[in-house]
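Below is the structure:
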């Protein structure tokens, strides 16, 4: 890890970490990935990057916590690849993505699961939503949610973090140690 990143002020938020681990973040693409990982011990590399980015960049939780969890759960875990991949996503390693690269989990879901089939498989409580609504259930009108049998906050969680706020927060946290 690049030395300056040791000073990042990570959040100690066990509630958010548990929501992430259990696929209860309120972001369907992230939740689908984490539920697949928990049930099968595997997920596609794209989903690994998105879920890792969400933990580190949106929740501002230390990448090492996520790395340990993945290493424990992944059937194909390899310490060197796992650590390297997490440092790449976190932007803290010697060969890393820029620290200001923050995957938007909604856009990633729309791009890589445009019809919502992956989400429907792993987040079945959202299965009745159409291909647009399934990526952002909080943006759907109350009538559409009701007709799908979904009550946000009960059947499926509200988003645990605002994407714009969390992006700004992580850029500030990284910027503070780059000065």
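Numbering (full-length UniProt numbering), first residue to last: 1 to 179. All C-beta atoms, glycine included, are put in the ideal place defined by N, C-alpha and C.
Query	Result
Of all the options 33, 18, 56, 7, which has the alpha carbon lying nearest to the alpha carbon of residue 46?	33
Keeping to the same chain, check which residues put their C-beta closer than 7 Å to that of residue 13; ignore five residues upstream and five downstream.	59, 61
Any idea which residues DSSP pairs residue 156 with across the strands?	152
By the three-class DSSP mapping on this structure, what secondary structure does residue 44 have?	coil
To the nearest angstrom, how far is the alpha carbon of residue 176 from that of residue 87?	18 Å
Please work out which residues of its chain come closer than 6 Å, Cβ to Cβ, to residue 148, disregarding the five sequence neighbours upstream and downstream, and give them in chain order.	128, 129
Can you list, in chain order, the residues of its chain with a C-beta nearer than 6 Å to that of residue 174? Leave out the 5 residues immediately preceding and following it.	99
Kindly indicate the opening and closing residues of the alpha helix (DSSP H) around residue 184.	Any answer about residue 184 is impossible in this case: the structure gives the chain only from 1 up to 179.
As an exercise, report each continuous alpha helix (DSSP H) stretch of at least 4 residues that is fully enclosed by the segment 87-122, in chain order.	105-112, 117-122
Nearest by alpha-carbon distance to residue 106: which of 178, 138, 67 is it?	138
With respect to the alpha helix (DSSP H) encompassing residue 142, which residues constitute its N-terminal and C-terminal limits?	142-147
Quick one: is residue 79 buried, meaning 16 or more other Cβ sit within 10 Å of its Cβ, or exposed?	exposed
Quick one: using the 10 Å Cβ neighbour count with 16 as the cut-off for buried, is residue 44 buried or exposed?	exposed
Quick check on residue 158: buried or exposed, where buried means 16 or more other Cβ atoms within 10 Å of its Cβ?	exposed
Tell me whether the beta-carbon of residue 165 lies closer than 8 Å to the beta-carbon of residue 113.	no
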